[in-house]
Structure formats: C-alpha cells, structure tokens
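Following my numbering, the numbering of the sequence shown begins with 4 at its first residue and continues without gaps.
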Amino acid sequence: MDASFLLAKLITLALSLVVAYLAFHGYRRSGRTPMLYVSGGFVFIGAGAICEGLIYHVFGTTIASAALVQAVIVSSGMGLVLLSLTK
Numbered sequence: 004m005d006a007s008f009l010l011a012k013l014i015t016l017a018l019s020l021v022v023a024y025l026a027f028h029g030y031r032r033s034g035r036t037p038m039l040y041v042s043g044g045f046v047f048i049g050a051g052a053i054c055e056g057l058i059y060h061v062f063g064t065t066i067a068s069a070a071l072v073q074a075v076i077v078s079s080g081m082g083l084v085l086l087s088l089t090k
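What follows is the structure, given as structure tokens:
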C-alpha cells in the first residue's frame, strides 16, 4: 500500500475521532442527545475511512465488496449525523 495513501487514511481517521470526542464531550456537558448522535456518526465515518483497505488486504476480498462495506459504514455515520440535525 502506498505510504501517502495510508497517511491520508490515518489523518482522516484521527480527525474524525477528534470530532467524535469533542461531540461526546459536548453531550456530557449539555446532556443533549443529538450531540451523542454526532459523536457516533463520526466514529462510523472514521471507521469507514480505513475499513476498505483493511477488508481488502486482510480478508482478501474484491475491491468492489470492500468498497461496498465501506460505503455502508460511512452512510450509517452520515445517517446518524443527519438524524442529529433533524432533532
């Protein structure tokens, strides 16, 4: 795997986990449930950022099936963020 590709994925994961932590801290401070949804959503988005490569290399699946799993995980995270915005 190309080092720049891996670095970009790790930066995306780190940033999404920082946002998730800050949203969770906001939830603990305010007790507002939508902040908890934002936190969970960004955890899913961060996990989706790295799961495609892991699934492809570790389990030896096709790139299409790994991309499908990544899309489902990231879409779930975006759904949680969307849910938080509608509450």
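Just so you know, even glycine gets a beta-carbon here, dropped at the ideal spot from N, CA and C.
- Ile58 is positioned such that its CB atom lies no closer than 8 angstroms to that of Val77.
- For Phe8, the enclosing alpha helix (DSSP H) covers residues Ala6 to Ser33.
- Contact between Ala23 and Ser42 is confirmed by a C-beta separation of about 5 angstroms, below the 8 angstroms threshold.
- Selection Ala70, Ala69, Phe62 and Thr36 evaluated against Ser87 yields Thr36 as nearest (Cα-Cα).
- Take Gly80, set aside five residues on each side of it, and the residues of its chain with a beta-carbon closer than 6 angstroms to its own are Gly44, Phe47 and Ile48, in chain order.
- The distance from the Cβ of Ala70 to that of Leu16 is about 17 angstroms, inconsistent with a contact at the 8 angstroms cut-off.
- Contact annotation: Gly56 and Lys90 have beta-carbon atoms that are not nearer than 8 angstroms.
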